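Chemist: Going by the UniProt record's numbering, the first residue of the sequence shown is number 1, and it counts up by one from there. Ideal Cβ placement from N, Cα and C applies to all residues, glycine included. Since we're looking at a predicted model, the values are computed, not measured. Handing you this structure, nothing more for now.
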Amino acid sequence: MAPRIVVAGSANMDLVGLAPRLPRPGETVLGDDFLMMPGGKGANQAIAAARAGGSTVFLGAIGSDAFGVNLNARLHAAGVDMQHVRTSYGASGVAVIMVDHGGENSILVAPGANNSFVGLTPAEQAAIAAGDVLLCQQEIPVETVIEAARVARDGGTRMILNAAPARALPDELLACIDLLVVNEVEALAVTGGDRIDVPGLLALVPRVVLTLGGNGSRYADRDGRDETVPAFHVEVTDTTAAGDAFTGALAVAWAEGRDLVEAVRWANAAGAACVRRMGASNALPTRDEIEQVFRAG
């Protein structure tokens, strides 16, 4: 039986421009190509989890515009259960993404309908309680993330927070997190320090995964385990959704009962499989693609 993953988060339409380099402030750079595709960290991680083999439910809000129709269709086509998704009158969330030829990117997000996702209905709460893992990010109102985390705790559902975008976390949310996933910038925001402090993170949550880009990932927990998991090296086209591929795959692997270090290794393979293609949701790898990278390791 496929592991049950519930993702509560954002859905955006990604407007992606490819150029030889990213523009400096005040500068216009002539681009090479333009793509429009569904994205948002919540939607991306829901698609990533579904493609990685999870039975995935998405909780969130989309707009009543054409972007919202496209978002709903794309997630449904990826195998994500969309029955609980809300439609808010007005604009959907939009992300404007610039990508250079080296695969680096710069992103501006206008939340749109994502800001209307406040409070959970009884049906949404029941979906969380029925899951094996709840996966949240920080592109929706924090009060909704806190409520979802509390429902997960009370229902016995493990909770993963991908603390992106970077910001400090309220105590009531920290108390419900089973596994925190952060990159180096996000780790600094959570602890409020000027250097990476894994012991400081473990004082707040029981388990931490620190993603290190091309250097892999680091897993640590309160039982004293602290291991660096090497990256899988592939040719990089676009890093836009690598973190979402990683986190969605990690949720599936943990829900399947894998040891967490092994789950992180498999998630590293998912991130590597993702960066080989341009875009966000369209670049998220299937389970077979993850396994190919993992086995070639």
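On the criterion of 16 or more Cβ atoms from any shown chain inside 10 Å, does residue 106 qualify as buried, or is it exposed?
Modeler: So residue 106 counts as exposed.
Chemist: What residues are listed by DSSP as bridge partners for residue 97?
Modeler: DSSP, once it has assigned bridges, lists 16, 107 as partnering residue 97.
Chemist: Could you give the distance in angstroms between the alpha-carbon of residue 145 and the alpha-carbon of residue 13?
Modeler: If I take the Cα positions, the gap works out to 21 Å.
Chemist: Is the beta carbon of residue 264 sitting closer than 9 Å to the one on residue 229?
Modeler: Contact: yes.
Chemist: Can you list, in chain order, the stretches of the beta strand (DSSP E) that have 3 or more residues and sit fully within the region 205–235?
Modeler: Fully enclosed beta strand (DSSP E) runs of 3 or longer: 207–211, 217–221, 226–229.
Chemist: Are residue 119 and residue 88 close, meaning C-beta to C-beta below 9 Å?
Modeler: Contact flag unset, no.
Chemist: Nearest by alpha-carbon distance to residue 33: which of 278, 296, 285 is it?
Modeler: The option with the nearest alpha carbon to residue 33 is 278.
Chemist: Cβ-heavy atom distance between residue 24 and the ligand FMN below 8 Å?
Modeler: Absent from the structure shown: the ligand FMN. Ligands present: none.
Chemist: Using a 10 Å radius around the Cβ and a threshold of 16 neighbouring Cβ atoms, would you call residue 123 buried or exposed?
Modeler: Classification for residue 123: exposed.
Chemist: Would you say residue 16 and residue 35 are within 9 Å of each other, going by their C-beta atoms?
Modeler: Yes, the pair counts as a contact, with Cβ atoms nearer than the cut-off.
Chemist: What residue from 156, 151, 154, 117 has the CA that sits closest to residue 142's CA?
Modeler: Checked all of 156, 151, 154, 117; the closest Cα to residue 142 is 117.
Chemist: Looking only at its own chain, which residues have a Cβ that is under 7 Å from the Cβ of residue 220, when we skip the five neighbours before and after it?
Modeler: Cβ neighbours of residue 220 beyond the five flanking positions: 198, 202, 208, 226.
Chemist: Counting only runs that start and end within the region 242–284, where is the alpha helix (DSSP H) found for 4 or more residues in a row?
Modeler: Whole alpha helix (DSSP H) segments, 4+ residues: 242–255, 260–274.
Chemist: Taking a contact to mean a Cβ-Cβ separation below 9 Å, would you say residue 190 touches residue 163 in this structure?
Modeler: In this structure, residue 163 lies closer than 9 Å to residue 190 by Cβ.
Chemist: Which residues bound the beta strand (DSSP E) around residue 24?
Modeler: Segment: none, residue 24 is in no beta strand (DSSP E) and carries neither H nor E.
Chemist: Say whether the region 38–51 touches the region 231–250, bearing in mind that this needs 3 or more beta-carbon pairs closer than 8 Å, one atom from each stretch.
Modeler: Yes, since at least three Cβ pairs between the region 38–51 and the region 231–250 fall closer than 8 Å, the two stretches touch.
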